[in-house]
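J.: Each step along the sequence shown adds one to the number in the numbering used here, with nothing skipped, and position 134 is 238.
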Amino acid sequence: MPVSIDKAPRHDEATGWSVTAISYRRGEVDLPHYHLEGQLLFATKGVMLVETADRQWVIPPQRALWIPPLMIHSYSILSCTELRAVYVSRSLIAECTNFSRNNQVHIINATPLVKALINGLFTAEHNGSIKRKMALLLLDILSESPSEGAELPMPRDERLLRAARELMISHRWEASLIDMADIANMSERTFSRQFLRDTGFSFRTWKQRARIYASLDLLSDNVPVKQIAYQLGFSSPAAFSAAFRSVMGATPGEF
Numbered sequence: 105m106p107v108s109i110d111k112a113p114r115h116d117e118a119t120g121w122s123v124t125a126i127s128y129r130r131g132e133v134d135l136p137h138y139h140l141e142g143q144l145l146f147a148t149k150g151v152m153l154v155e156t157a158d159r160q161w162v163i164p165p166q167r168a169l170w171i172p173p174l175m176i177h178s179y180s181i182l183s184c185t186e187l188r189a190v191y192v193s194r195s196l197i198a199e200c201t202n203f204s205r206n207n208q209v210h211i212i213n214a215t216p217l218v219k220a221l222i223n224g225l226f227t228a229e230h231n232g233s234i235k236r237k238m239a240l241l242l243l244d245i246l247s248e249s250p251s252e253g254a255e256l257p258m259p260r261d262e263r264l265l266r267a268a269r270e271l272m273i274s275h276r277w278e279a280s281l282i283d284m285a286d287i288a289n290m291s292e293r294t295f296s297r298q299f300l301r302d303t304g305f306s307f308r309t310w311k312q313r314a315r316i317y318a319s320l321d322l323l324s325d326n327v328p329v330k331q332i333a334y335q336l337g338f339s340s341p342a343a344f345s346a347a348f349r350s351v352m353g354a355t356p357g358e359f
């Protein structure tokens, strides 16, 4: 698949940062591309799947993702998403001498402070010099925050990937292994074997994780746990909470 580069000038080196807001519809795909700047991605609403050459990250509103300059990546939009992106020049990154992981993709918790700093860069409440300090503070937070796990391995095989995306984007949580094998135009046995090979999970276990990641968007909208449980096909709120804890390490309420 061809890779594009975003060459549009976003800011001069003296400014060092810029922002953009993009609204996506469920099912949209942003093809592989890269930027000259570093990029901090945060969704105020919605869930997106960000893919690099060998890994995938699910980004709900509770997380923010750092993508280094020149890193090839693509998006798959899993629900209606309001994306906020902060672009940071390499010269500004260099000013943050503690940011030793600046060349690594990683996720951090979108704490109230992180959200406030990102939102502040989109307002007219502060002048340019203050906002530059806010951008540098975001880099400092990135440099010291531990990486959070939010990976959902996606199959590399195009047929399996088509089936997995169909399940997540269309919320086909009732779909069986046979249904998914039909979408992939594969036998049930071949589908099972290759899905495990590509993701490290059986299809049943992977679908459970996918449902938990889909719930993050609903939780961010304060949808009641009972409603989420039945909407995602769990037998009870207790079953949903137990599955959530096994994947995320916390209950839905704690998360």
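A virtual CB, placed ideally from N, CA and C, is assigned to each residue, including glycine.
For Arg244, does the count of other Cβ atoms within 10 angstroms reach 16, so buried, or fall short, so exposed?
T.: The residue labelled residue 244 in the question sits at position 140 within the sequence shown. Sequence check: residue 244 is Asp here, not Arg. Asp244 is exposed by the Cβ-count criterion.
J.: Does DSSP put Asn289 in a helix, in a strand, or in coil?
T.: As a working note, residue 289 is residue 185 in the sequence shown. Coil at Asn289, not helix or strand.
J.: My assumption, with CB atoms under 8 Å, is that Tyr138 sits in contact with Leu187. Please give the rounded CB distance.
T.: Here the question's residue 138 lines up with position 34 in the sequence shown. Here the question's residue 187 lines up with position 83 in the sequence shown. About 17 Å; that fails the 8 Å criterion.
J.: Apart from the five residues just before and just after Ala64, which ones in its own chain have a Cβ nearer than 6 Å to its Cβ?
T.: Residue 64 is absent from the structure shown; the chain starts at 105 and stops at 359.
J.: Excluding the 5 residues preceding and the 5 following Phe226 in the sequence, name in chain order all residues of the same chain whose CB lies nearer than 8 Å to its CB.
T.: Taking the first residue of the sequence shown as position 1, residue 226 is located at position 122. Correct list, in chain order: Val123, Ala125, Arg188.
J.: Are the beta-carbon atoms of Val329 and Ser345 separated by less than 8 Å?
T.: As a position in the sequence shown, residue 329 is number 225, starting the count at 1. As a position in the sequence shown, residue 345 is number 241, starting the count at 1. Going by C-beta atoms, Val329 is nearer than 8 Å to Ser345.
J.: Need the endpoints of the beta strand (DSSP E) that Asp158 sits in, please.
T.: Mapped onto the sequence shown, residue 158 falls at position 54. It is not in any beta strand (DSSP E) - Asp158 carries neither H nor E in the DSSP assignment.
J.: My assumption, with CB atoms under 8 Å, is that Pro257 sits in contact with Gln208. Please give the rounded CB distance.
T.: As a first step, residue 257 is located in the sequence shown; it is residue number 153 there, counting from the start. As a first step, residue 208 is located in the sequence shown; it is residue number 104 there, counting from the start. That pair is no contact at about 18 Å.
J.: On the three-state DSSP scale, how would you describe Asp325?
T.: Locating residue 325 in the sequence shown gives position 221, where the first residue counts as 1. In the structure shown, Asp325 sits in coil (DSSP, three-state: anything other than H, G, I, E or B).
J.: Quick one: Cα of Gly357 to Cα of Asn213, how far?
T.: Start at 1 with the first residue of the sequence shown, and residue 357 comes out as number 253. Start at 1 with the first residue of the sequence shown, and residue 213 comes out as number 109. Their Cα atoms are separated by approximately 16 Å.
J.: Can you name the start and end residues of the alpha helix (DSSP H) that Asn223 belongs to?
T.: Mapped onto the sequence shown, residue 223 falls at position 119. Unbroken alpha helix (DSSP H) run through Asn223: 216-225.
J.: Decide if Ala354 is buried, meaning its Cβ has at least 16 other Cβ atoms within 10 Å, or exposed.
T.: Counted from its first residue, the sequence shown places residue 354 at position 250. Counting Cβ neighbours within 10 Å, Ala354 comes out exposed, since fewer than 16 surround it.
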